[in-house]
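As structure tokens, the structure follows; a few thoughts come after it.
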Amino acid sequence: MGQGRVTDTSSRNISAPRPALRPGPDRVYDRRSLTYANSFDNFWTRHTIKAIEWATGKLTIIRRVRQFEKMGEFKGQAFWPATMKVMGIDLQTPDHQLDRIPAEGPVVLVANHPHGLVDGMILADLIGRRRPDYRILTRALLTGLDESAASYMIPVPFPHEPDAQEKMLQMRAAAMGHLEQKGLIALFPSGAVAASESMWGPAVEGEWNVFTAKMIRKSGATIVPLYFTGANSRWYQVANRISPILRQGLLIHEVVHSFDKPQAPVIGHPITPDQWEERIAKPREFMAWLRQRTLSLRDDPDAQ
Numbered sequence: 001m002g003q004g005r006v007t008d009t010s011s012r013n014i015s016a017p018r019p020a021l022r023p024g025p026d027r028v029y030d031r032r033s034l035t036y037a038n039s040f041d042n043f044w045t046r047h048t049i050k051a052i053e054w055a056t057g058k059l060t061i062i063r064r065v066r067q068f069e070k071m072g073e074f075k076g077q078a079f080w081p082a083t084m085k086v087m088g089i090d091l092q093t094p095d096h097q098l099d100r101i102p103a104e105g106p107v108v109l110v111a112n113h114p115h116g117l118v119d120g121m122i123l124a125d126l127i128g129r130r131r132p133d134y135r136i137l138t139r140a141l142l143t144g145l146d147e148s149a150a151s152y153m154i155p156v157p158f159p160h161e162p163d164a165q166e167k168m169l170q171m172r173a174a175a176m177g178h179l180e181q182k183g184l185i186a187l188f189p190s191g192a193v194a195a196s197e198s199m200w201g202p203a204v205e206g207e208w209n210v211f212t213a214k215m216i217r218k219s220g221a222t223i224v225p226l227y228f229t230g231a232n233s234r235w236y237q238v239a240n241r242i243s244p245i246l247r248q249g250l251l252i253h254e255v256v257h258s259f260d261k262p263q264a265p266v267i268g269h270p271i272t273p274d275q276w277e278e279r280i281a282k283p284r285e286f287m288a289w290l291r292q293r294t295l296s297l298r299d300d301p302d303a304q
């Protein structure tokens with residue numbers, strides 16, 4: 001892959017071709033972190049997931065990691081556009097939608113979650129072009145990719161982790177603390193990747209957690225809805241109906257499934273406190289409304 005200068009991450013023209021990337025010393029990333037198995041204690045579960053990962057896509061990912069390493073070293077925000085480049089993901093969200101993210105003040109950006117790991121990486125690239133003071137609530141696999149890039153992430157534990165409850169409390173405290181500092185928090189309120197309700201049905205976004213409503217109300221944040229198009233492969237949908245271990249093992253495959261395809265997340269108009277204050281008194285109904293408003297961006301990107 002060609003070498004050149006680091007991508008200018010302050011650029012807001014996300015649909016334009018990226019500048020060349022700066023050469024630098026090769027960096028070797030720890031391949032051991034590229035697995036969804038490490039959150040399990042059971043030996044057989046871990047090794048079953050790892051075997052599925054190796055059989056369904058990990059070799060392809062490692063080849064891309066090697067390409068990434070040869071491109072140079074990218075720290076902080078520069079890490080995210082560089083990963084998009086090596087993954088072949090062209091972000092096509094128009095600039096006028098990016099402008100809908102307030103440049104300052106507390107913001108909660110909510111998004112549907114159709115793909116998994118890739119959704120968080122795309123958010124990091126997009127939001128970082130608008131403002132640097134953001135944090136994304138995401139699974140620990142993403143926070144382990146690069147130390148400086150991970151500073152933009154707040155890890156979300158898997159429910160099966162032994163200390164999940166304690167980690168969840170830490171996550172919520174970190175998110176609230178960042179909003180108190182007038183930063184931006186981005187999250188997937190469903191807490192899970194969209195999945196079909198039958199082996200052959202369409203993927204369905206899960207219900208949205210009321211914690212998001214509590215966070216919005218307490219912080220007085222402006223809400224920005226974002227809609228991701230697409231869905232995981234049919235293999236993933238079938239696996240989800242068969243076994244949670246098989247589903248977990250195929251998450252790496254879904255990263256590969258996203259390679260070399262454009263993505264055009266739709267950013268909706270901001271929802272200010274005066275627009276949500278009457279609705280939020282009933283958190284569950286409010287989150288159902290916010291979920292539907294986000295999903296409606298698929299058909300009407302300019303809906304208000």
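Residue numbers (UniProt numbering): 1 to 304. Here a beta-carbon is modelled for each residue, glycine too, at the ideal position from N, C-alpha and C. Values in this document were obtained by computation on a predicted structure and should not be read as measured data.
* Asked: Among Phe-211, Glu-197, Ile-271, which residue has its Cα nearest to the Cα of Tyr-236?
  -> Position 236 of the sequence shown, counted from the start, is the residue given in the question as residue 236. It is Glu-197 whose Cα lies nearest to the Cα of Tyr-236.
* **Cβ pair count under 8 Å reaching 3, the region 154 to 172 against the region 91 to 110** => Contact fails: fewer than three Cβ-Cβ distances are below 8 Å.
* **Close-in-space but distant-in-sequence residues of the same chain around Thr-222 (CB under 6 Å, 5 per side omitted)** => In the sequence shown, the residue the question calls residue 222 occupies position 222. Excluding residues within five positions, the ones whose Cβ falls inside 6 Å are Pro-102, Val-107, Pro-270, Thr-272.
* Asked: So which of Tyr-134, Tyr-152, Phe-286, Ile-185 has the shortest CA-CA distance to Asn-209?
  -> Working through the sequence shown from its first residue, we reach residue 209 at position 209. Checking every option, the nearest Cα to that of Asn-209 belongs to Phe-286.
* According to DSSP, is Thr-118 helix, strand or coil? -> For the purposes of this step, residue 118 is identified with residue 118 of the sequence shown, where counting begins at 1. It should be noted that the sequence gives Val, not Thr, for residue 118. It is helical.
* **Burial state of Leu-295 (16 or more Cβ within 10 Å)** => Counting from one through the sequence shown, the residue named residue 295 turns up at place 295. It counts as exposed.
* How do the region 244 to 254 and the region 48 to 62 stand: do at least 3 beta-carbon pairs fall below 8 Å, yes or no? -> Counting Cβ pairs under 8 Å, three or more are found: they touch.
* **Minimum length 3: unbroken beta strand (DSSP E) runs contained in the region 215 to 251** => Runs found: 222 to 227.
* Just the Cα atoms here: how many angstroms apart are His-257 and Gly-249? -> Taking the sequence shown and counting its residues from 1, one reaches residue 257 at position 257. Taking the sequence shown and counting its residues from 1, one reaches residue 249 at position 249. Taking the straight line joining both Cα atoms gives about 14 Å.
* **Start-to-end residues for the alpha helix (DSSP H) that takes in Val-107** => For the purposes of this step, residue 107 is identified with residue 107 of the sequence shown, where counting begins at 1. Taken as a continuous stretch (DSSP letters only), Val-107 belongs to no alpha helix (DSSP H), being part of the beta strand (DSSP E) at 107 to 111.
* Pick out the complete alpha helix (DSSP H) segments inside the region 68 to 95, 4 residues or longer, and give them in chain order. => The alpha helix (DSSP H) runs of length 4 or more contained entirely in the region 68 to 95 are, from start to end of the chain, 79 to 87.
* Asked: Looking at Pro-225 and Ile-122, is the spacing between their C-beta atoms short of 8 Å?
  -> Residue numbering aside, residue 122 sits at position 122 when the sequence shown is read from its first letter. Residue numbering aside, residue 225 sits at position 225 when the sequence shown is read from its first letter. Against a cut-off of 8 Å, the Cβ pair of Pro-225 and Ile-122 comes out as no contact.
* Cα-Cα separation, Arg-22 to Pro-81 -> The residue you call residue 22 lines up with position 22 of the sequence shown. The residue you call residue 81 lines up with position 81 of the sequence shown. Here Arg-22 scores only 40 on pLDDT, less than 50, and its place in the model should not be relied on; the value that follows carries that caveat. About 12 Å.
* To do: Can you tell me which of the three DSSP states Ile-62 falls into?
  => For the purposes of this step, residue 62 is taken as the residue at position 62 of the sequence shown. In the structure shown, Ile-62 sits in a helix (DSSP, three-state: H, G or I).
* To do: Compute the Euclidean distance between the alpha carbons of Asp-300 and Leu-109, then round it to the nearest angstrom.
  => As a position in the sequence shown, residue 300 is number 300, starting the count at 1. As a position in the sequence shown, residue 109 is number 109, starting the count at 1. One C-alpha to the other measures close to 18 Å.
* Between the Cα of Gly-76 and the Cα atoms of Pro-189, Met-87, Met-153, which residue gives the shortest distance? -> By one-based count along the sequence shown, residue 76 stands at place 76. Of Pro-189, Met-87, Met-153, the residue nearest in Cα terms is Met-153.
* Between Val-255 and Val-118, which are expected to be in contact by the criterion C-beta below 8 Å, what is the C-beta distance as a whole number of angstroms? -> Locating residue 255 in the sequence shown gives position 255, where the first residue counts as 1. Locating residue 118 in the sequence shown gives position 118, where the first residue counts as 1. Going by Cβ atoms, the distance from Val-255 to Val-118 rounds to 6 Å, so yes, they are a contact pair.
* Asked: Going by beta carbon distance, what residues of the same chain come within less than 6 Å of Lys-182, once the five residues before and after it are set aside?
  -> Walking along the sequence shown from the start, residue 182 turns up at place 182. Counting only Cβ-Cβ distances below 6 Å, and skipping sequence neighbours, we find Gly-105, Pro-106.
* Asked: From what residue to what residue does the beta strand (DSSP E) around Pro-155 run?
  -> Position 155 of the sequence shown, counted from the start, is the residue given in the question as residue 155. Per DSSP, the unbroken beta strand (DSSP E) holding Pro-155 starts and ends at 153 to 156.
* To which residues of the same chain is Leu-187 closer than 6 Å at the C-beta, ignoring the five residues directly before and after it? -> Here residue 187 is taken as the residue at index 187 of the sequence shown, counted from 1. Sequence-distant Cβ neighbours of Leu-187 in its own chain, meaning closer than 6 Å and more than five residues away, are Leu-137.
* Asked: Since Leu-187 is in the beta strand (DSSP E), which residue starts that stretch and which ends it?
  -> Start at 1 with the first residue of the sequence shown, and residue 187 comes out as number 187. Start and end: 184 to 187.
* Per DSSP, what kind of secondary structure is Leu-34 in: helix, strand or coil? -> Taking the first residue of the sequence shown as 1, we reach residue 34 at position 34. If DSSP states are grouped into helix, strand and coil, Leu-34 belongs with coil.
* To do: Output yes or no for whether 8 Å exceeds the beta carbon distance between Arg-131 and Leu-179.
  => Locating residue 131 in the sequence shown gives position 131, where the first residue counts as 1. Locating residue 179 in the sequence shown gives position 179, where the first residue counts as 1. Their beta carbons are not under 8 Å apart, which means Arg-131 does not touch Leu-179 by this criterion.
* Which whole-angstrom value describes the C-beta separation of Ala-194 and Glu-205, a residue pair presumed to lie in contact below a C-beta threshold of 8 Å? -> Translated into the one-based positions of the sequence shown, residue 194 becomes position 194. Translated into the one-based positions of the sequence shown, residue 205 becomes position 205. Confirmed, Cβ separation roughly 5 Å.
* **Ile-101, DSSP secondary structure in three states** => Against the sequence shown, residue 101 aligns to sequence position 101. It is coil, neither helix nor strand.
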